[in-house]
Amino acid sequence: MKFSAVAAVAALAPSFVSAHYFFPHLYVNGVKSAEYEYVRRSTQGFQPHFGPSIMSSNDMRCNTGSQANATRTKIAKVKAGDTIGFGTNLGAQIQHPGPIQVYMSKAPGAVTSYDGSGDWFKIYQLGPKNPLTADVSSWKVYNKNRIDFAIPKDIPAGQYLVRIEHIGLHRPSGTEMYFNCAHVEVSNTGGSLPRQTAKIPGMYKPTDAGIKFSIYGGAKTYPFPGPALISSGKNAKREEEVEERDVDEAKPRFSRRYAPNME
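FYI, the numbering for the sequence shown is -19 to -1, 1 to 244, going by mature numbering (1 follows the signal peptide of the UniProt record, and there is no 0).
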């Protein structure tokens, strides 16, 4: 009986690692946090949300049930310009095609009571290689389990939500969306909030080119959805640097054209 249970778990593990995932770990200057130490725990687990329905919900901010866990979530102390990042559960590799985007929103007071209803600005994005092809490994996020980026150097001090999302574009019927929020307190001697902002919900529409995008249509480039990357977002880790670094990343097991699946 014991052997059967272990075997069943082992048999399920590969599909879990390669299909669904979430981002419970925060890295601060290379140091990995405990699971949900600085990231708000949601009730969604490793299951994605599906567009377009989630795009009009407040749950699009930091995920289902996360607000109830906000006061239990610690606040990571960082400086403007520091490198931080998110890590997946159990080192799961991201193997769905689609972009990574990272947003920040300044809390009006304590981030532990902030619901994310304010303005959000984009500090990082990671898309496809150039040119984009039908191969899933054409996306720079392929097989990664950690995404690093920099806190902008010119934002004001204060407490923020930092939101990572991965938009899975493999479903012909709509997008799969994976996202979590972390708490950070930024120290800085100056700075101002960016003007390129958006509200959540409302940041994406089902008709946006980057949301209704088909990976099977032969496009060579990808139009990122949402507000423009802020100008100081260019101070973040360059996509090529992050792609080469990936200290936790396992070697790709295969390279193939992506076939539709319902996972």
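Backbone N, C-alpha and C define an ideal beta-carbon position, used for all residues, glycine too.
- Apart from sequence neighbours up to five positions away, the residues of its chain that approach G207 with a beta-carbon distance below 7 Å are Q82, K103, A179, M184, Y185, ordered along the chain.
- Remark: fewer than three beta-carbon pairs, one from each stretch, lie closer than 8 Å, so the segment 108 to 115 and the segment 126 to 141 are not flagged as touching.
- By the neighbour-count definition (other C-beta atoms within 10 Å, threshold 16), K87 is a buried residue.
- Of the candidates C162, D100, A91, C162 places its Cα closest to the Cα of R21.
- When secondary structure is reduced to three states using DSSP, A51 falls in the helix class.
- For M85, the enclosing beta strand (DSSP E) stretches over residues 81 to 87.
- Taking a cut-off of 8 Å for Cβ pairs, the segment 44 to 58 and the segment 24 to 33 touch, as three or more such pairs fall below it.
- For Y141, the enclosing beta strand (DSSP E) begins and ends at 139 to 149.
- In the DSSP assignment, K58 falls within the unbroken beta strand (DSSP E) covering 57 to 60.
- For S173 against P137, the beta-carbon gap comes to about 6 Å, under 8 Å, which counts as contact.
- In the three-state reduction of the DSSP assignment, D129 falls in the strand class.
- Taking the C-beta atoms as reference points, G99 is found no nearer than 9 Å to H147.
- Scanning K125, H77, L107 for the CA closest to the CA of P153 turns up H77.
- Under the DSSP assignment, L107 falls in the beta strand (DSSP E) whose first and last residues are 102 to 107.
- Here DSSP, grouped into helix, strand and coil, assigns N10 to coil.
- Excluding its 5 nearest sequence neighbours in each direction, K134 has C-beta neighbours in its own chain below 7 Å: A61, G62, S213, N216, listed in chain order.
- In this structure, the CA atom of K55 is about 15 Å from the CA atom of I65.
- D189 is positioned such that its CB atom lies closer than 9 Å to that of P204.
- Residue pairing by DSSP puts C162 in a beta bridge opposite R144.
- The alpha-carbon separation between L107 and S119 amounts to approximately 12 Å.
- The closest CA to that of Y141, considering only Q177, P182, G171, D96, is found on D96.
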